[in-house]
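Student: Before I ask anything, here is the structure I am working with.
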Amino acid sequence: MKRFIALFKEKPFISSLSLTFSELLYNYSLLLFVTQVYSAEDVGRWFIFFAVFNLSINIREGVLYVALVKFSSGKEDETAHSTYKTVLYALLLIESLIGAVIFAIGYYDFFPEVSALLLFYPLYSISNNCLKWIENIHKSRGELYKAVMINFTTLLMLFTAFFYFSNYPVELSNLIIYLSGLYFVSFLIGLSSIPTFKIVISKFNKKTFKHIMHYAKQGTLKAIFGTLASRMTLFISAGILSLEVTALLGVAQRYLVLILSLSNAIQLIFYPKIVLLFEQGNLRHFKLEFIKTIKRVYTLIVPISIAFLIVIKPLLSILHGEGYGESFHLLVILIMSAQFSPLGAFFGSYTNAIGKPQYSTNVVVINSCILIFSSYFFVKFFGELGTVLPLLVTEIIGFFIIYNYYQKYERINIILLMLRTPKLYMIYFRRAKQLYHLKFKKTS
C-alpha cells in the first residue's frame, strides 16, 4: 500500500487517471446494471432524472471545484480550512434551494413520467455533493490517492448492492434511495481522510463566500444555458419521439464520457497548476502550460476516438442487449462533436484561473441559445438522428469563437496547434525509439 501511495504522489497523472477510471467504472457499472435489469422505458426515465441532476452540475462545479481549488490552493492551513467550511455552507444552501424546487415539481406531478423519481432528488443530490466536497478537498491538497481509495470503497458497496438486487429486484425510485445512502456512508468514511475537526472550528469567511457565490452565479448561467441545452434533446426526444429513443440517446451520451474522460483527467492536474502560476504572477509559464496541455490532449484524444469507434459497436449489443446496438450511429456523431469539447473545457479553466469566468460563460450562453432553438427543429425534421446533430453544429461554432478569443487577446493560434498534432506523433515516436535503444540495445 505504501508503494502505491508513493507512486501516486510522485506521478500525479497516474493519480488523476486512477480517479477518472474509478469514476468511470462506477458510472458504467451502474449503466450496465440499469440497462440489463429495467425496461427501455424505465431506462429512459433514469436518463431524464440524471438529465435533471446534471442541470445544476455547473453550479456545483463552480462552487465545489473551481472556487474551492482557487481559494485554497497554495494557502496557509487556516485559510484553506476556512475555505472548505465556507464552500460546504454555500453548497448546502444552493443544493437546498434547487432541491426544494425539483421536489415541488415532483410533488405536484408536473411530469408524471418521472415525478416519483424527482421526489428523491434532494436526498440524492445533497448526499452526492457532500461526497464530492471531500473529493475536491483532496484535489486542492494534491492528495488524489485518498479520493481514489474512497471511490473504490464506494464501488465495493455498489457491487454488493448489485448482487442483492439481482436476487431481490427493486423499483427505480428505491434504487435512487439506496444510491443516496451509499453516498452518505462514503461521505462519513471520507471524513476520516480530511482534517474534519479543524474545518469545523475554522471561521466562516464572508469575503470568500461572496467570491464563491460569484462563481456560483456564473455556474448558474452555464447551468441554465449550457447544461439545459446539452440535455435538451433528451427532454425533446421523450416528448416528440419516445422513451425508447431517449434510452438510446442516453446510452450514447454515457459512452461519450469515455472519450472526454482522458481530457478531464489531464484537466484535474492542469487547473490547480495554472491557478498557482497565475497567483504567483508567472504569466509566461501560465501561457506555456496551457499550450503544452492542449497539444497533449489532442495527440491522445484523436487516435483514441478512432480506436473506440472500431471496438464499441459490437460491445453495445453484448453489454446492454440487442436493441441498444442502434445507439452506435448516434455515438459516431457525438464523438465527432467531442473533438471540439476539450478546447471549451480548457477555455473555462483558463478564464476561471484568471478570475474572469464570465468570458467562458458568454461563450456557453451563445452556444446554448443556438442549441436550444435548433434542437426542436432537428428532432422534428430528422427524428432520431436529429437528437445529436445540434451538438455538432454548436461545438463547431463555439470552436471558432474560442479560436478568435485566443488569437485576439493571447496571440495563440489554436488551429495551428491542432495542425501540428501529426508532427508530435513523429517526435514521440523518435523519443520512444531512442529510449528503446538506450534501454535494450545497451544490455544486448
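In my numbering, the protein residues as written are 296 to 739. Backbone N, C-alpha and C fix where the C-beta goes; we use that ideal spot for every residue, glycine too.
1. What did DSSP end up calling Ser548 once you bin it into helix, strand or coil?
2. Determine, using beta carbons only, whether Ala335 and Leu538 come nearer to each other than 8 Å.
3. Shortest alpha-carbon distance to Leu412 belongs to which of Ser468, Ser461, Asn446, Tyr701?
4. Please determine if the region 648-663 and the region 591-605 are in contact, where contact requires at least 3 C-beta pairs separated by less than 8 Å.
5. Determine the DSSP secondary structure at Pro490, reduced to helix, strand or coil.
6. With 8 Å set as the bound, which would you pick, yes or no: does the beta-carbon of Phe724 sit closer than that to a beta-carbon of chain D?
7. DSSP on Lys498, reduced to helix/strand/coil?
8. What number of angstroms, rounded off, separates the C-alpha of Glu474 from the C-alpha of Tyr419?
9. Taking contact to mean at least 3 C-beta pairs separated by less than 8 Å, is the region 384-402 in contact with the region 496-507?
10. Which residues mark the beginning and the end of the alpha helix (DSSP H) in which Pro652 is found?
11. What is the DSSP secondary structure of Phe415, counted as helix, strand or coil?
12. From the DSSP output, in three-state form, read off Ser310 for me.
13. Excluding the five sequence neighbours on either side, which residues of its own chain have a C-beta within less than 6 Å of the C-beta of Lys608, listed in chain order?
14. So, with DSSP's three-state summary, where would you put Phe406?
15. Does at least one heavy atom of the ligand MG sit under 7 Å from the Cβ of Glu336?
16. For Val338, count neighbouring C-beta atoms within 10 Å of its own C-beta (all shown protein chains included) and say buried if the count is 16 or more, exposed if not.
17. Between Phe342 and Thr491, how many whole angstroms is the CB-CB distance? I'm expecting something under 8 Å.
18. What is the DSSP secondary structure of Glu318, reduced to helix, strand or coil?
19. Does the separation of the CB atoms of Ser558 and Pro637 fall below 8 Å?
Tutor: On the basis of the data shown:
1. Correcting the residue identity first, residue 548 is Gln in this sequence and not Ser. If DSSP states are grouped into helix, strand and coil, Gln548 belongs with the helices.
2. yes
3. Ser468
4. no
5. coil
6. Chain labels in this structure do not include chain D; a single protein chain is all it has.
7. coil
8. The sequence given here places Leu at residue 474; Glu does not occur at that position. Straight-line Cα distance between these residues: approximately 7 Å.
9. yes
10. 652-677
11. coil
12. helix
13. Phe623
14. coil
15. Looking for the ligand MG in the displayed structure turns up nothing, as the structure carries no ligands at all.
16. buried
17. Between Thr491 and Phe342 the Cβ distance is about 36 Å, and since that is not below 8 Å, they are no contact.
18. helix
19. yes
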